[in-house]
Amino acid sequence: MRNFAKKTMFVLFVLITAGMLFTGCSKETADTIKIGGIFPLSGSVAVYGTECRNGVEMALAEINAAGGVNGKMLELIAEDDEGSPEKSVNAYKKLVTKDKCNVIIGSLTSGCTAAISSLAQAQNVLLLAPAATQTDITDAGDFVFRACFIDPFQGTVGGKFALESLGAKNAAVLYDIQNDYSIGLYENFKVAFEQGGGKIVAEESYSTGDKDFNAQLTKIKTTNPNVVYLPDYYGTVALIAKQLRAQGINASIVGADGWDGIIDNAGDEVLNGFYSNHYAADSTDEKVVTFVESYRSKYGSTPVSFAALGYDCVYLLRDAMVASNSVDPSVLKGQLMKTDGAYVTGNLTFDAKRNPVKSAVMLEIVKDGDKLAPVYKTTVNP
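Heads up: the sequence shown is residues 109 to 490, going by the numbering used here.
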């Protein structure tokens, strides 16, 4: 009996201690809402990830300074996927299993986001993609949303802009045949341009990682296009533009949101360049002005669209949490579908596939003193 009593007391002690530890852990997280973040903070598109994380962190700081969400502070747990789909999966698993995040912002590129969207759907994790524009991203299911417009809209915007604003009649396209983002933009640009009465006079391709585009550009030059459409990310576009101008091709060049960051990675060869984007930093809209001023004050630079999209993601989540008085992804997904409000990247609602319905802007790259700058050119509505 004495041994039994001792064993009983020991078991009770262990249970009570474990209970105290559990309660303590619960108390530590009771006033905090964890939000996971997956960004390419290193690698070839690190500009995107760094800017987006900055926008997310700035929004979190503002919200927390104002009292948080329903009395709770928001906490970002950020992971670097280096722009690699495989590493996106690893980052996702770490956030969900170790950090217990059930709301994630990310990733940035379409390929990385596509790699985790089905996982999020299967595990009832709310995934809000800031900038993944590939059409089928949200096909994974109703826990997957995005804050950006999709590639068909961007490609259509580019085609209409080339026709209507630049007066182009003949267009050439140079795209990455291994990149779904690049292919989607190219296909929809072609449809819009041809339906509007334009003619595609050259369609050339390359593979991801290529550095020499002179063979393709030589063929393009012989067709004498009014505009060359370059649907790729800023690093590759900068290389193409330099070789394009070196060959004496003086046509306008047009692209999409992947060009964001190009002014810091290219020279005068990208002048007479235009690209579709999610917002214009020189807008006079009050929300944009406040955002840009705050960002410049905090980070010392003008925010590109990825910062604005990350910022909007946080406020979309904040608004849904406040309106529903919940952080349960199953509740938040329904509340997000009711979104109808003004954000930095425009007035936003969601369609049936959880894609935002909002306008796109076209930016022109101009010389501002000794530097390049993207300035607002026009708006294209959905």
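Quick reminder that beta carbons are idealized off the backbone N, C-alpha and C, glycines included.
For residue 451, the secondary structure class from DSSP, reduced to helix, strand or coil, is strand. Annotation note: the segment 376-430 contains the following uninterrupted beta strand (DSSP E) runs of length 3 or greater, listed N- to C-terminal: 381-385. According to the DSSP secondary-structure assignment, residue 278 is paired through a beta bridge with 307.
With a cutoff of 7 Å on beta-carbon distance, residue 260 and residue 220 are scored as not near each other. DSSP places residue 182 within a strand segment (E or B) once states are collapsed to three. Beta-bridge annotation (DSSP): residue 476 is paired with 479. Counting the other Cβ atoms within 10 Å of the Cβ of residue 265 gives 16 or more, which makes it buried.
Between the segment 186-202 and the segment 447-457 there are fewer than three C-beta pairs closer than 8 Å, too few to call the two in contact. Under the three-state reduction of DSSP output, residue 348 falls in the helix class. Membership of residue 237 in the beta strand (DSSP E) is indicated by the continuous run 234-237. Within the DSSP bridge table, the entry for residue 353 names no partner. Minimum Cα-Cα distance from residue 249 among the listed residues 256, 143, 231, 199 corresponds to 231.
With distances taken between CA atoms, residue 478 lies nearest to 374 out of 388, 394, 374. Within the same chain, and ignoring the five residues on either side of residue 321 in sequence, the residues whose Cβ sits closer than 8 Å to its Cβ are 282, 314, 347, 348, 351, 352. By the neighbour-count criterion, in which a residue is buried when 16 or more other Cβ atoms sit within 10 angstroms of its Cβ, residue 369 is buried.
Among the bridge pairs identified by DSSP, residue 464 is matched with 458.
Put simply, the backbone Cα of residue 306 is about 17 Å away from that of residue 262.
Note that the segment 200-210 does not touch the segment 460-472; fewer than 3 beta-carbon pairs, one per stretch, sit closer than 8 Å. Nearest to residue 252 by alpha-carbon distance, out of 442, 384, 341, 414, is 442.
Taking each of 329, 156, 151 in turn and checking the Cα distance to residue 358, the smallest one comes out for 329. For residue 365 against residue 239, the beta-carbon gap comes to about 7 Å, under 8 Å, which counts as contact. Of the residues assessed, residue 237 falls on the buried side of the cut-off, its CB having 16 or more other CB atoms within 10 angstroms.
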